[in-house]
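To start, the structure itself, in structure tokens.
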Amino acid sequence: MNAVGSLGWLIRNELRLAWRALTAKTKPWVWALLIVLGLAIVIVPVFFLAQDIRGKLAFQGAPPTIALVAAQGFVLVTFTLLLSGSIASSVEALFERGDLDLLVSSPLDSKVIFASRALSVALKTFLSSLAFVLLAVIAGLILGIWQILGLIPLLAAISLISSAFGMLLTLGLVRAIGARRAKTVAQVLSALVGAAIYLASQSFRFLGDSSTTGGMTGWLIKLFRGNVDTSGFWWTPARAAFLDPLSSILMLALGAGLLWFTTNLVHNTFILGTQTATMGGGKRLSAKSSDSSQPVKFTSGLTRIVMNKEWRLIARDPYLISQLGLQMLYLLPAVFVFWQPGSSSFSLFGSSFASYAVNIFIVLLGGTLISRLTQIIVAGEEAPELLAMSPAGGENLRWIKFAGVLIPTILLFSPLLVLVVVRNMHPLVGLLAFFGTVLSLGILQVWTAKPQPRADLMKRGGRSDFLTGLVQGLVTFAWLAVVLGLESGAWWGWLGLGVGALLPLVSLLRPRSSLGY
Amino acid sequence: MTSEIPAIKLEGLQKRFGSVTAVSSINLSIAQGQLYGLLGPNGAGKTTTLRMIAGLLKPDTGDVQILGQSVTKQPKLAKQPLAYLPDDPLLYGKLRPLEYLEFVAGLWGIDASVAAPKAVSLLGLMGLWNNRLELVEGFSRGMKQKLALAGAMVHEPKIMILDEPLTGLDAAAARQVKDLLVDYVKAGNTVVLTTHILEVAERLADRIGIIARGALIAEGTLEELRGKSHEASAYGAKASLEDVFLELTQAGEAQ
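Protein sequence lines correspond, in order, to chains C and B. Residue numbering for the first sequence follows the working numbering, beginning at 629 and increasing consecutively. Residue numbering for the second sequence follows the working numbering, beginning at 8 and increasing consecutively.
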């Protein structure tokens, strides 16, 4: 048993809370079933399909260069993703947990409190990726590569390192710009760091930097000839992935040392940050700005007032904007498949790829944007009871809110719509598909969105039932079919038009979900 | 005559949540121009009753009438003269106080030329004028409570339903709000409030209703309530509302 108030006692409390959170919505047996299924999905095919190569990939002594390069890539991607996760966890540990006041006001040493939080962030970070790593480890063991067991201590080391950096970064922001802004900036940073590798890979691909591409190609040629020197210090993480004892110990020591250093360096800032966050710390007005002689003007009309409110709430939420922006960015490669240099030489349904590009672009991006924004504004209402008790009427307010999403979406896409009309070979199809998509998906959301806190909508990507998700997917495919089918003169383009237009109307027949207003 | 129409009339109001009866057949009429205190122990059904009056919960049986209009049958008409302030204020963190008041006034269809000076005056009255350019998310609990109260008053409702309106307020602000409510009632309006501070109800309320286990167990002026309590009768006119409340609710619990 750990002594009351000790680090172990606090960590045990953290673990208990984490377990309750994990099993609050999903029962332990469901988790067990998911794990068994996941293992079966990997083990069975690897076991049966890789009979021929079993043992051939095994090696003794130093791992082959290509394996070390792959491991180094794994370390880079994992570190970026875990750093993103640990910044998010640090924000939660520092600003969002309701029990910090209790701990900080207790006679416990602030260093012990911070260490327990830092370790819980590291543990959460480790567990978030363990399942995926375990699958890779099991697959490797089946193939006879027992050294791949090194991925587990390596993941632990990366979790410790990323947690230390995540905590340092978040608390550094608290010191530099104050607790309230630090929370927002850290959230945005977490999203950007998570997407960093992805964005870098896409920029190499689409910006067409010949020097970079050339450099990469040359390096890969050297790699396959075995001319890359992997004996240096920088290859320690890669060697640790294959259970090189010294490298594994070094990586774990580095992780533990960094977390220890972070704890000793910033535990006081941690307490200060917590208190500042709890106190609110709203910006005070100067004497000049509090001049009461300035006339106050209000807007008239329910529609304008509701729209103004919704636009203000979005414009003042940088985290929400960054998340929306990233969702748009993640869609870009799907569009660039059609838009890459040389794609015009390929044809699809009798037309070149390039001729579809802009229309597919506006359908995919317009659909995603309207769907997410409508869900946020309609389902993420912060004061549903205020609306419910007003005489304005919930139904009326839902449609005003939708108009408040539709107008900026159309304005945002207007340059592209002009491009569709001026440059595209099928402007009518493009405009029809864009307006059809945004109206269909918007109406679907207005009718089926389920109420939930706005912050949760961005964290978990929203909650919708299976049927609604299916219909949304079908509607998007239907409008893509309109683009491809009508432009190429295929009959199924008209089928797409019918499905895209009618499905949202059918959804209106379903009982409307209660939004609390 | 308008004044003869009760401000609020509850007829056989009942609400169940699963097997639990939250509110059981409440009949109550609250006249216009009164400050009515609704008291009861935790979980007695006060908030459920207030939420049904505000049209946020649909009663299983019975009806609520606001100035003669049924909340369930004519919700728009019934809600127009009504304001409800829940114990957890309904605010938007990313709005500024004046923007919030503009939004609330808009929901009740108040013209901008009327709403703007009213909002300015309310912010001044609540001591929030110097905070008008700050986002609400940075406000303290008390500041949020005051802003929510300003929101409840910005459309000049004839009836205010207030659930624990003094929560989070400091002594000066609490006094300010109490004075404001008294003036508001003197102007012919009606206030229904719940509070756990019995002294507040004793000093402010014209009539008091006591709810226990979802039922209205006693109702009347303080004098009338004293008459219904045996222990209080022993104390005579010296019996406080606390004495009356504890005896009546404990008797209710024992049953």
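Here a beta-carbon is modelled for each residue, glycine too, at the ideal position from N, C-alpha and C. In this text the structure is predicted, and so the values were computed from the model without any measurement.
Counting only residues of its own chain and dropping the five nearest sequence neighbours on each side, L882/C has no CB closer than 6 Å to any other CB. At a Cβ-Cβ threshold of 8 Å, I671/C and I766/C count as neighbours. Closest option to G149/B, judged by alpha-carbon separation, among M167/B, D177/B, W136/B: D177/B.
Boundaries of the beta strand (DSSP E) around Q21/B: 15–24. Look at S634/C here: in three-state DSSP terms it is coil, with no helix or strand label. The contact set of D118/B on chain C, defined by CB atoms closer than 7 Å, consists of S928 in chain order. The C-alpha of V856/C lies about 30 Å from the C-alpha of S712/C. Contact of P93/B with chain C is assigned, a C-beta pair being separated by under 8 Å. A157/B: member of the alpha helix (DSSP H) spanning 148–160, first to last residue. Contact with chain C is found for K101/B, since one of that chain's Cβ atoms lies less than 8 Å from the residue's Cβ. In this structure, the CA atom of S859/C is about 31 Å from the CA atom of L796/C. DSSP lists L42/B, M167/B as the beta-bridge partner residues of V198/B. Between L887/C and A792/C, the C-beta gap is smaller than 8 Å, which places the two residues in contact. Residues L635 of the same chain have their beta carbon placed closer than 6 Å to that of V740/C, with the five preceding and five following residues left out of the count. Residue-level contact check: G52/B does not touch chain C, since none of the beta carbons of chain C fall below 8 Å from its beta carbon.
The secondary-structure analysis by DSSP pairs E226/B across a beta bridge with G216/B. The DSSP-derived three-state label of L140/B is coil.
V934/C counts as buried, since at least 16 other C-beta atoms from the protein chains shown sit within 10 angstroms of its C-beta. With a threshold of 8 Å between beta carbons, E106/B makes contact with chain C. Under the DSSP definition of a beta bridge, V27/B partners with F24/B.
The criterion of a C-beta distance shorter than 8 Å is not satisfied by G822/C and S717/C.
Below 8 Å, too few C-beta pairs join the region 219–238 of chain B and the region 58–68 of chain B to call them touching: fewer than three. Just so you know, the alpha carbons of F675/C and A828/C end up roughly 35 Å apart.
According to the DSSP assignment, D186/B belongs to no beta strand (DSSP E) but to the alpha helix (DSSP H) extending over 178–193. Membership of T55/B in the alpha helix (DSSP H) is indicated by the continuous run 53–60. Under the 8 Å Cβ criterion, the region 948–958 of chain C counts as touching the region 988–1000 of chain C, having at least three qualifying pairs. Here I715/C is near A814/C, since their CB atoms are less than 8 Å apart.
Cβ contact annotation for H162/B (same chain, cutoff 6 Å, sequence separation greater than five): A112, W115, I117, in chain order. Annotation: the continuous alpha helix (DSSP H) that includes Q1073/C extends over 1055–1076. Identification of residues in the region 991–1019 of chain C having a C-beta nearer than 8 Å to some C-beta of chain B yields E1010, A1011, E1013, L1014, L1015, A1016, M1017, S1018, P1019, given in sequence order.
Between the region 35–45 of chain B and the region 1118–1133 of chain C, the count of C-beta pairs closer than 8 Å stays below three; the two stretches do not touch.
Think of a sphere of 7 Å around the beta carbon of G1021/C: the chain B residues whose beta carbon falls inside it are K83, in chain order. Taking C-beta separations shorter than 8 Å and ignoring five residues to either side along the sequence, the partners of R103/B in its chain run R139, L140, E141, L142, V143, following chain order. Identification of chain C residues near V184/B by a Cβ-Cβ cut-off of 7 Å yields none; the smallest Cβ-Cβ distance measures about 20 Å. Listed in chain order, the non-local C-beta contacts of L1044/C below 8 Å within the same chain comprise V986, F989, I990, local neighbours out to five positions each way being set aside. Listed along chain C is no residue with a C-beta nearer than 9 Å to that of F24/B; the closest approach is about 15 Å.
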